[in-house]
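Here is the structure we will look at.
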Amino acid sequence: MGWKEEFATGIDEIDQQHRLLFDHAEVFRDVLENGGGTFSYKSFLDFLSAFIEIHFGYEEECMHAHRCPCATENKKEHAIFSRHVANEVARYEQEGFDTAKAFALLTRVETWLEDHIGRIDTQLRACVRQQPPEN
Ligand SMILES: [Fe+2]
Ligand SMILES: [Fe+2]
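Read in order, the letters of the sequence shown are residues 904 to 1038 in my numbering.
Structure representation (structure tokens):
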């Protein structure tokens, strides 16, 4: 799976960030499927945490600025996803690498991305066209 044109949001910066997450997930899936992960899981988790901090905040501001009707739902789904990742980071710090848990997180990230971008983030496209950003 990867980024596709139908995921375009009308804001290049956001699309670039989405692509980056798809790329990281793809690389990490390769690592896991080849029996790796012990040493790279930490950097995958670090990337996810940084993505959450940078991308979610940026996208929420864009939706707010363009008065996007799904802004609240977007924020809500970001919060649930963030909590899930934070829980896995905490578990990892306590218990260390676990292949099954890493696969579970990765699959959740991939599924969430496709579903969330397709259903929520892409609604930005119409808002960008119809509503110039508020200053
Ligand atoms: Fe979003
Ligand atoms: Fe997004």
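Note that beta-carbon positions come from the ideal geometry of N, C-alpha and C, so glycine has one too.
Because the structure is a prediction, the values reported are computed rather than measured.
Check	Outcome
Where residue 990 falls: helix, strand or coil (DSSP)	helix
Cβ pair residue 934, residue 955 closer than 8 Å	no
Contacts around residue 981, its chain only, beta-carbon distance under 6 Å, and the 5 residues preceding and following it disregarded	959
Of the residues 1010, 1005, 968 and 999, the one placed nearest residue 1035, counting alpha carbons only	968
Residue 1018 classed as buried or exposed, judged by whether at least 16 other C-beta atoms fall within 10 angstroms	exposed
Any non-hydrogen atom of ligand 1 within 7 Å of residue 859 CB	This structure gives no information on residue 859, because the portion of the chain shown stretches from 904 to 1038.
Backbone secondary structure at residue 914 - three-state DSSP	coil
Near ligand 2: residue 921 beta-carbon under 7 Å from a heavy atom	yes
First and last residue of the uninterrupted alpha helix (DSSP H) at residue 1025	Taken as a continuous stretch (DSSP letters only), residue 1025 belongs to no alpha helix (DSSP H), as it is neither H nor E.
Every unbroken beta strand (DSSP E) inside the region 954 to 991 [3 residues or more]	none
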